[in-house]
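K.L.:
Before I ask anything, let me first share the structure, which is written out below as structure tokens.
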Amino acid sequence: MTFLAAAAVHADDGDYLFHIQCTGCHRFGQHAYGPDLCGVEGRHAGSAQGYEYTRAMRDSGIVWSREQLERFLESPMTVVPGTRMGIFGFEERSTRERIAAYVMQRSRAAECRLPVPGQPASP
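Per this note's numbering, residue 2 is the first one in the sequence shown, and the count goes up by one each step.
Below, the structure is given as structure tokens:
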């Protein structure tokens with residue numbers, strides 16, 4: 002199977018899209034360049050303990066939901082001018098929807114409720 006054929010097979014999978022587009026900066030269970038995504042659903046933007054956010058993100062007033070994450074992923078720097086998330090955004094709505102659905106589902110998973118050594122447990 003060619004690379005393009007393999008990509009087409011996985012294109013509908015939010016897990017796959019997250020891993021090829023987001024894991025350079027984001028993890029579940031620990032901070033990386035971006036904040037830990039465990040427990041992100043319902044969390045106020047800029048509030049995960051142990052991560053240094055920009056003032057713009059802390060002051061954004063965002064409470065993360067699937068819909069809010071989809072809007073943010075469309076154009077992070079438009080939604081929160083001054084964010085550190087320097088991607089231009091995802092033009093395709095289906096890509097944003099799949100990634101947001103995966104992140105929200107995974108943020109509620111059992112492994113996200115387990116404490117990570119050296120970090121406070123996610124809510």
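By construction, the Cβ of each residue, glycine as well, lies at the ideal position given by its N, Cα and C atoms.
Going by the DSSP bridge assignment, what does His45 pair with across the sheet?
P.N.:
Its beta-bridge partners are Val64.
K.L.:
If you run the structure through DSSP and keep just helix, strand and coil, what is Met164?
P.N.:
Outside the modelled stretch of the chain, which goes from 2 to 124, sits residue 164, for which no answer is possible.
K.L.:
Just to confirm, is the Cβ distance from Phe29 to Arg99 under 7 Å?
P.N.:
Contact: no.
K.L.:
Quick check on Cys113: buried or exposed, where buried means 16 or more other Cβ atoms within 10 Å of its Cβ?
P.N.:
buried
K.L.:
From what residue to what residue does the alpha helix (DSSP H) around Gln50 run?
P.N.:
Neither: Gln50 is in no alpha helix (DSSP H) and is coded neither H nor E.
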